[in-house]
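Residue numbers (my numbering), protein chains in the order written: chain A, 1 to 154; chain B, 1001 to 1687.
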């Protein structure tokens, strides 16, 4: 029985599930707005789809962190964790991505929905509309970075 | 890297040449016409509203006819044909088509009329179907629905609420009649003998029973009262004739109409050959309407017209030649005055021009400002490559965009530029992919190990280094690139200030920041903190270290005293200076923002290896390689799509927020030439 291993996998699981949850919610919120626009203006499909997909990246970042963790703690390669402290370190390293992924995914979804509103009214402002959700994503990227740096340096 | 130079030209010409001059200008499509003239002259304007409206109406008819044709006789289209901007035709073809315009417009009207007929037929069918449905329950009735009886009998046709059977109806009538009779006579045995009436249950629906009741004339009132007491209702809508016959007739009607619809559809389809005419003429009428709008705007006297406009300097001689030689007009060419609102037209080399659409989506630069397209295109393509960073994905992009560009040369400018942009970004992606040693993730390695038992170590070695192994090293480089990007932006601001001869501003707002930022960076590099982050130790000579401190200090001092220079109050001026020095934190956050170059690069690579690993897990057995290939194809397609989107969005963000934040204002007015409208077709010029 090795508690360290359990903590490490808990970290990976949290990163994948919380960030995935955030993305699912975000993409869902944006998707409702997108569906509304397409019902009126089918020609805007491609543009609103891009905006809908923007909050989807958090889930991928979560997957990424989970995968890197798993591939280092002996599940998908690497060396098994043999003490509790190391396991907790992996857990802690996964947390930024888990929490920020959840929060930023949801908020990016709301921003995307608003941006879809911009595109519905002024199609030519797509470039600017895309920027607002990308702003939210910055924090997911920063969290991803910290998580990756922490994991790879344990 | 520049904005096209614009010249202002003023034209005075004979009024009788007006139409021809506008035709010529419209064909050249290089002049933006302005018609804001002084109002003190005795000038008139021609009212062309009516003519214009009739042209627009004609264009709408043609466009609608095209839509109808698309519905009933769709054009055979390839998957990518949406890329084609329109068919090209020569001037001669155009003239031929134009000469047939009356007939073509009549055809268009016919097509629309035929479609209207189809709509009407469809509406009639819907009505008939409603009638048929309503008749459904009555089909068993062999009397007309409004039949009320013969000489000796009365007939009641209608519905009773709820479920009934024959016996129930009869006994209800008998009971009611007996009760009524009992009240009159005082003694009668209810239900002793059956009431003389006939009941037929036609149909039992969920909530109603369809019945007809026949009784003797003399019992009419009694039966009517009995039925009414039980909620009897006559049918709300009466169809003439015996229901079964009527239904048959309706059915026949429907079929006849359906046949008619098919025939009409065929008739419409027969006009498919006119599609080209409709397209060409729709553009023709729109172009004419545009010309008439211009005619209405251009002021004239009895014999002369006057207008001004903007022409790119390069095209001025051609325009001048046409106007003076062909039409004997007087043309006056001027440089723009400082307070003229000059329209903006971007002019760039082939590679940089592909980024123009990105710039346009942010806003065009004003005339006289620096066009950042060229510098931006270099950073754009490099950063995009770093974010997608997979040689395999890059090659896919290059081939995909290259093929699309080759096969559809006539596509719309916007789409073309976008594909060109992705083509160059694809090349850069391939480059960075090899630098990082990533080709569809670690596909080569996985294939070699799974199927060929390779054990000899890494096959595709990175040319530079592998990001996942040394993330901190790459992070440092990302920030270095970011710093260069930001300083370039600041340098452009400096160039603009020098151009406007604002030397103090250049000194206080650009030069000072260069000193401060570079000085601070040079001070940071030799520290232990930096060494522990980047994993490398740098030492710089003592002299340079000293110089760095001086630079940073000097820069800070200049900012402190100079950035609030418009204020006379020294205390306020210093306070503003302090606030501006605090702006160094925004530099920090801007530089940190470039860490997305690393993060997105890692994301592509890691997800690609996850896909490869999943595929290799199921690669055993006979079917193994097939499943392997399917997983690889689907997985990598998804990964390309999602990361392409990510790279595009975040490269844009780095340009718009970090880079443009340092200098760019936008707010330019796009150059909109007076030209032919070519929604469907392009006309090739003869010359």
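The beta carbon of each residue, even a glycine, is placed where N, CA and C say it ideally should be.
- Ranked by Cα distance from residue 1294(B), the options 1091(B), 1622(B), 1022(B) and 1584(B) are led by 1022(B).
- Counting only residues of its own chain and dropping the five nearest sequence neighbours on each side, residue 1045(B) has a CB closer than 8 Å to the CB of 1296, 1297, 1298, 1299 and 1300.
- Apart from sequence neighbours up to five positions away, the residues of its chain that approach residue 1005(B) with a beta-carbon distance below 6 Å are 1313, ordered along the chain.
- Pairwise C-beta distances place the region 1581 to 1595 of chain B out of contact with the region 1414 to 1426 of chain B, as fewer than three of them are shorter than 8 Å.
- For residue 1154(B), the pairing in a beta bridge is given by DSSP as 1149(B) and 1215(B).
- With its beta carbon at least 8 Å from every one in chain A, residue 1486(B) lies outside the interface.
- Residue 1127(B) carries a helical assignment under DSSP once its states are collapsed to helix, strand and coil.
- At a cut-off of 8 Å, the C-beta of residue 128(A) has a neighbouring C-beta in chain B.
- Residue 1226(B) holds the alpha-carbon nearest to the alpha-carbon of residue 1160(B) among 1226(B), 1135(B), 1152(B) and 1124(B).
- For residue 1317(B), the enclosing alpha helix (DSSP H) covers residues 1316 to 1321.
- The residues 77 and 78, in chain order, have a CB closer than 8 Å to that of residue 71(A) in the same chain once the five nearest residues on each side in sequence are set aside.
- Where residue 68(A) is concerned, the enclosing alpha helix (DSSP H) starts and stops at 57 to 72.
- One alpha carbon belongs to residue 1011(B), the other to residue 1335(B), and they sit about 15 Å apart.
- The beta carbon of residue 1612(B) does not come within 8 Å of any beta carbon belonging to chain A, so the residue lies off that interface.
- Linking residue 57(A) to residue 110(A) through their CA atoms gives a straight-line distance of about 14 Å.
- Per the Cβ contact rule, the region 1477 to 1490 of chain B is not in contact with the region 1630 to 1645 of chain B (fewer than 3 Cβ pairs under 8 Å).
- With fewer than 16 other Cβ atoms inside 10 Å of its own Cβ, residue 1458(B) counts as exposed.
- In this structure, residue 1031(B) lies near residue 1674(B), with their beta-carbon atoms less than 8 Å apart.
- Of all residues in the region 1631 to 1650 of chain B, only 1642, 1645, 1646, 1649 and 1650 place a beta-carbon less than 7 Å from a beta-carbon of chain A.
- Taken atom to atom, the span from the alpha-carbon of residue 1661(B) to that of residue 1362(B) is near 12 Å.
- Taking a C-beta cut-off of 8 Å against chain B, the contacting residues of the region 40 to 69 of chain A are 50, 53, 54, 56, 57, 60, 61, 63, 64, 67 and 68, listed in chain order.
- Looking only at 1557(B), 1460(B), 1338(B) and 1444(B), the smallest Cα-Cα distance to residue 1611(B) is reached by 1444(B).
- In the displayed model, residue 1005(B) falls within coil according to three-state DSSP, outside both helix and strand.
- Here DSSP, grouped into helix, strand and coil, assigns residue 1298(B) to coil.
- C-alpha of residue 1634(B) to C-alpha of residue 1628(B): approximately 10 Å in a straight line.
- Residue 1164(B) is not bridged by DSSP to any residue.
- Residue range 84 to 121 is occupied by the alpha helix (DSSP H) that includes residue 113(A), with no beta strand (DSSP E) assigned at that position.
- With a cut-off of 8 Å on Cβ pairs, the region 89 to 100 of chain A is not in contact with the region 114 to 133 of chain A, counting fewer than three such pairs.
- Taking 8 Å as the cut-off, the beta carbon of residue 104(A) is found closer than this to the beta carbon of residue 140(A).
- Around the beta carbon of residue 1414(B), fewer than 16 other beta carbons lie within 10 angstroms, which makes this residue exposed.
- A contact is defined here as three or more CB-CB pairs under 8 Å, and the region 1270 to 1287 of chain B fails this definition with respect to the region 1254 to 1262 of chain B.
- In the three-state DSSP reduction, residue 1235(B) falls in the coil class, being neither helix nor strand.
- The alpha carbon of residue 1243(B) has as its nearest neighbour, out of 1048(B), 1142(B), 1315(B) and 1228(B), the alpha carbon of 1142(B).
- 1524(B) is the residue among 1489(B), 1524(B) and 1218(B) whose C-alpha sits nearest the C-alpha of residue 1548(B).
- In this chain, residue 1043(B) is not harboured by any beta strand (DSSP E), its DSSP state being neither H nor E.
- Bridge pairing for residue 1204(B): 1209(B) [DSSP].
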